[in-house]
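Working notes, structure below.
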Amino acid sequence: MTIILQNGLPTSVQGDPRLPGTGPCAPNDWLQIDDAYAAQMRYRSALLAERSKAVLYDSEATHEPNCEVLEEALKLLPGLGFAVTDTHVTCPDRRRVMIDWDAPLRTLGHLVQEDICVLQKRGAEHVLTGAVLCFPAGWRLEDKINQPLTHIHVPVASYDANIAARVQRLFDGVQVGKPLWRFNKLRYADADLHQPYKQPLQGERHFVRSERQCILRLPRTNAVVFTIHTYVVRGT
195 MTIILQNGLP TSVQGDPRLP GTGPCAPNDW LQIDDAYAAQ MRYRSALLAE
245 RSKAVLYDSE ATHEPNCEVL EEALKLLPGL GFAVTDTHVT CPDRRRVMID
295 WDAPLRTLGH LVQEDICVLQ KRGAEHVLTG AVLCFPAGWR LEDKINQPLT
345 HIHVPVASYD ANIAARVQRL FDGVQVGKPL WRFNKLRYAD ADLHQPYKQP
395 LQGERHFVRS ERQCILRLPR TNAVVFTIHT YVVRGT
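Count along the sequence shown from 1, then add 194; that gives the number in our numbering.
See the structure below:
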């Protein structure tokens, strides 16, 4: 088990019984760094090197929106302490990451703590067409890629037709420059960030895992991006 812990949960999550909830996100706030940045990035780099097929789907068929989300991220990184040039990025932990436009999601996977999922509208639903997913919580990228939202949420028991329609309206309605955010908060017995098979154990209080999820629309391709910033702290 790899244990990487933050010093605490964001203020928005602490003690909030209403989670999960949804609210407006500032246009430049869908990427964040925290005190676990260096440790999480070392783990992400190891997963991308050793388990690339399990954590990355960066298809040539969806290259344009994948590049666009990298473009949008690069605009925000200087405000987070990164040094960005035309060819590379120097990260807050002093790593130097080359910008590879042939592998935009892999590049993002080496830059930011967030997992990045790209969804495009196909028919009546949005479909997961690309992702870098190093820190899944009970789901595997290979099971969900190129699947619509309703399939992605199987076997979530509470994801009924009513909730599915509400989520689809959320993805349809999110506007360029007006991202949304939501948090969840679950208890886990295992602190490992990479948990493709495991489910939260109700009643256990060893660790608390919370995801800050943001939803944003890309201005050029109209794709929707779903980001996941994962926090893990010791339970109380």
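Positions of the beta carbon are idealized from the N, C-alpha and C atoms, including for glycine.
- Every alpha helix (DSSP H) of 4 residues or more that sits fully in the stretch 241-303 is shown, in chain order, as 246-249, 257-270 and 298-303.
- Between ALA267 and the set GLN200, PHE365 and TRP224, the nearest pair of CA atoms involves TRP224.
- According to DSSP, residue pairing for THR424 in a beta bridge involves GLU405.
- Distance from CYS408 to LEU374 at the Cβ level is roughly 7 Å; contact confirmed, criterion being Cβ atoms closer than 8 Å.
- For GLU319, no alpha helix (DSSP H) segment is defined; the enclosing uninterrupted segment is the beta strand (DSSP E) at 319-326.
- In the DSSP assignment, ILE310 is bridged to VAL326 and THR421.
- Rounded to the nearest whole angstrom, the CA to CA distance from MET292 to ASP252 is 17 Å.
- A check of alpha carbon separations from CYS261 across GLY303, ASN222, PRO286 and GLY202 identifies GLY303 as the nearest.
- By the beta-carbon neighbour count (other beta carbons within 10 angstroms, threshold 16), HIS423 is buried.
- Bounds of the alpha helix (DSSP H) holding LEU335 are 335-338.
- For THR196 and SER404, the gap between their C-alpha atoms comes out near 17 Å.
- Between LEU410 and VAL402, the C-beta spacing is not below 7 Å.
- Annotation for LEU395: no beta strand (DSSP E) segment contains it, and DSSP assigns it neither H nor E.
- Across the structure, ARG290 and THR284 are spaced so that their CA atoms are roughly 5 Å apart.
- Distance from PRO298 to LEU264 at the Cβ level is roughly 4 Å; contact confirmed, criterion being Cβ atoms closer than 8 Å.
- DSSP, reduced to helix, strand and coil, places GLY367 within a helical segment of the structure shown.
- With contacts defined as CB atoms closer than 7 Å, ALA417 and HIS400 fail to qualify as a contacting pair.
- Per DSSP, LEU380 is one residue of the beta strand (DSSP E) stretching across 380-382.
- MET235 has its alpha-carbon roughly 8 Å from the corresponding atom of LEU305.
- DSSP places THR216 in the strand class (E or B) of the three-state scheme.
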